[in-house]
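Right, one structure below, let's go through it.
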Amino acid sequence: MGYAMADHMHTSLVCQAIDMAVRRCPVEEGVTLFHSDRGSQYTSQRFLNHLKGYGIRPSVGRTGVCWDNAWAESFNATLKNERVYRMVCPTKNKAMNDIASRIELRYNHIRLHSALGYRTPDEVESEFLDLNKAA
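Heads up: the sequence shown begins at 610 in the working numbering, then just goes up one per residue.
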């Protein structure tokens, strides 16, 4: 997973998130998919070219149908409810560092997810990668 934080929602921000994801996970050209809503930062030509440069296929949900992007909406709601709304940080940098730590340490490696059979995302990813090595 890749992520980026800023006080704007420009295309450059989502390009940073894609760059992070590509550094962390192998991309299968023409197979790897990026799904999003129809926000202008995701449908801009600059972003589509950025995905194309990595061989990532774009996918967008239907207009006005939030369920098409339910995983991302659920992640954002969980992060806000479990951390963002419960903290007060003296600076924007401290807030961004706290949120990044929450994602990296707790959400991916410790927090159990009911949708994943009460396993962590890290466990599910490891299992998936092991199965693909065997295949």
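Ideal placement from N, C-alpha and C gives every residue a C-beta, glycine not left out.
These numbers were taken from a predicted model, which means no experiment stands behind them.
Ser653 carries a coil assignment under DSSP once its states are collapsed to helix, strand and coil. Annotation: Val623 to Tyr651 spans about 7 Å, alpha carbon to alpha carbon.
Counting of Cβ neighbours within 10 angstroms places Ile627 among the buried residues, the total reaching 16 or more.
For Leu740, the enclosing alpha helix (DSSP H) covers residues 730 to 743. Looking at the DSSP output, Pro667 bridges to Phe643.
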